[in-house]
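Numbering of the sequence shown is given in numbering that gives the first Met the number 0, commencing with residue 0 and proceeding in unit increments. All C-beta atoms, glycine included, are put in the ideal place defined by N, C-alpha and C. What follows is a short report on a single structure.
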Amino acid sequence: MKRALEAARSECESQQRKTKSVLQQQRQQQEQHQAQLMSLKSERESSNQASIEEMRRHYESQLADQAAERDREVSSMKMRIESFQQQSQSSSQGSDQRLAELQRTISQQEQIIATLREEMERLRMSMSQRSTMQSSTVVNTAAKRETEYPYLRLVPTYGECVYSNCSVLNAGHHGDSRVASEKATKTVRFAESERIF
0 MKRALEAARS ECESQQRKTK SVLQQQRQQQ EQHQAQLMSL KSERESSNQA
50 SIEEMRRHYE SQLADQAAER DREVSSMKMR IESFQQQSQS SSQGSDQRLA
100 ELQRTISQQE QIIATLREEM ERLRMSMSQR STMQSSTVVN TAAKRETEYP
150 YLRLVPTYGE CVYSNCSVLN AGHHGDSRVA SEKATKTVRF AESERIF
């Protein structure tokens, strides 16, 4: 009985060290992610909304998987403690002390899981705010271009002028409005969207 309790205690301590290590790595990843978000502020107009959403889903999924893994480990340890408690009703005070230590370890694990979930929620809110800000930037930029160049409404997006020596991002920049509209519709060469990462 004492060997089994000692083995369970050793396993719990190992799981606690593993969980702390995972939490530390997650915090480092979050700090790196926050630094990336700060650098993206200077590139808002060239940001890709789909990439932001993909990144947000990736981090949420990663944190959710880690929290679920910790939940399974805690549930397994709880079942073992319940089994030990049933077998140790006639055991000595030393066994009761070991059980109490195991329960404290379980409590610490649950606190770490709660911390992971809080960090996951903060990350989700941060990514959501970033996504909202990027959507607003794209809409404002599109509205500004449509106001400055009304005939570009015929084109699904903007591109480069068909004349190689022209620096204006306007497919129908040269010629009258009819020719400009025709060029804008038929000969525009669309610029490729830049990826964030």
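Sequence-distant residues of the same chain with beta carbon closer than 8 Å to E12, five excluded per side | The sequence position of residue 12 within the sequence shown is 13, counting from 1. Contacts found: T104.
My understanding is that A34 touches R79, with C-beta atoms under 8 Å, so please give their C-beta distance in whole angstroms.
-> For this step, residue 34 is matched to residue 35 along the sequence shown. For this step, residue 79 is matched to residue 80 along the sequence shown. Not really, about 41 Å apart at Cβ, beyond 8 Å.
Whole-number beta carbon distance between E118 and Q29, since they are thought to touch under 8 Å = Position 30 of the sequence shown, counted from the first residue, corresponds to residue 29. Position 119 of the sequence shown, counted from the first residue, corresponds to residue 118. Indeed, because the Cβ distance is near 6 Å, the residues count as touching under 8 Å.
For R26, is the classification buried or exposed, using 16 other Cβ atoms within 10 angstroms of its Cβ as the cut-off for buried?
-> For the purposes of this step, residue 26 is taken as residue 27 along the sequence shown, with counting starting at 1. With fewer than 16 Cβ atoms within 10 Å of its Cβ, R26 is classed as exposed.
Ordered along the chain, which non-local residues of its own chain (more than five positions away) have a Cβ less than 7 Å from that of E109?
-> As a working note, residue 109 is residue 110 in the sequence shown. Cβ neighbours of E109 beyond the five flanking positions: V73.
What's the gap between the Cα of A3 and the Cα of S75?
-> Here residue 3 corresponds to residue number 4 of the sequence shown, with the count starting at 1. Here residue 75 corresponds to residue number 76 of the sequence shown, with the count starting at 1. Their Cα atoms are separated by approximately 15 Å.
Which residues in the same chain as A66 place their Cβ atom closer than 8 Å to its Cβ, once the five residues preceding and following it in sequence are excluded?
-> What you label residue 66 is simply residue 67 of the sequence shown in a count that begins at 1. Answer for A66: I112, L115, R116 and M119, listed in chain order.
Buried/exposed call for R56, threshold 16 Cβ in 10 Å | For the purposes of this step, residue 56 is identified with residue 57 of the sequence shown, where counting begins at 1. By the neighbour-count rule (16 or more Cβ atoms within 10 Å), R56 is not buried but exposed.
When we look at the beta-carbon of M124 and count the other beta-carbons within 10 Å, is it buried (16 or more) or exposed?
-> Numbered from its first residue, the sequence shown carries residue 124 at position 125. Exposed: under 16 other Cβ atoms inside 10 Å.
If you draw a straight line from the C-alpha of S38 to the C-alpha of Q24, how long is it?
-> Position 39 of the sequence shown, counted from the first residue, corresponds to residue 38. Position 25 of the sequence shown, counted from the first residue, corresponds to residue 24. Between S38 and Q24, the C-alpha separation is close to 21 Å.
Using 10 angstroms around the beta-carbon of R97, count the other beta-carbons present and answer buried if the total reaches 16, otherwise exposed.
-> In the sequence shown, counting from the first residue as 1, residue 97 sits at position 98. R97 is buried by the Cβ-count criterion.
Leaving out five residues on either side along the sequence, give the residues of the same chain with a beta carbon under 7 Å from the beta carbon of T107.
-> Within the sequence shown, numbered from 1, the residue matching residue 107 stands at position 108. Looking at the sequence provided, one finds Gln at residue 107 rather than Thr. So the qualifying residues of the chain are Q15.
From L122, S127 and Q128, pick the residue whose C-alpha is nearest to that of Q31; which is it?
-> The residue labelled residue 31 in the question sits at position 32 within the sequence shown. Looking at the Cα atoms, L122 is the closest of the given residues.
Starting from the C-beta of S9, find all residues in its chain whose C-beta is less than 8 Å away, skip the five residues before and the five after it, and write them out in chain order.
-> If you number the sequence shown from 1, residue 9 lands on position 10. Cβ within range, chain order: n/a, list empty.
Measuring CB to CB, does R71 end up less than 9 Å from T18?
-> Counting from one through the sequence shown, the residue named residue 71 turns up at place 72. Counting from one through the sequence shown, the residue named residue 18 turns up at place 19. For R71 and T18, no; Cβs fall outside 9 Å.
Run through DSSP, which three-state label would Y157 get?
-> Position 158 of the sequence shown, counted from the start, is the residue given in the question as residue 157. Annotation note: pLDDT 43 at Y157 (below 50); position unreliable, no value reported.
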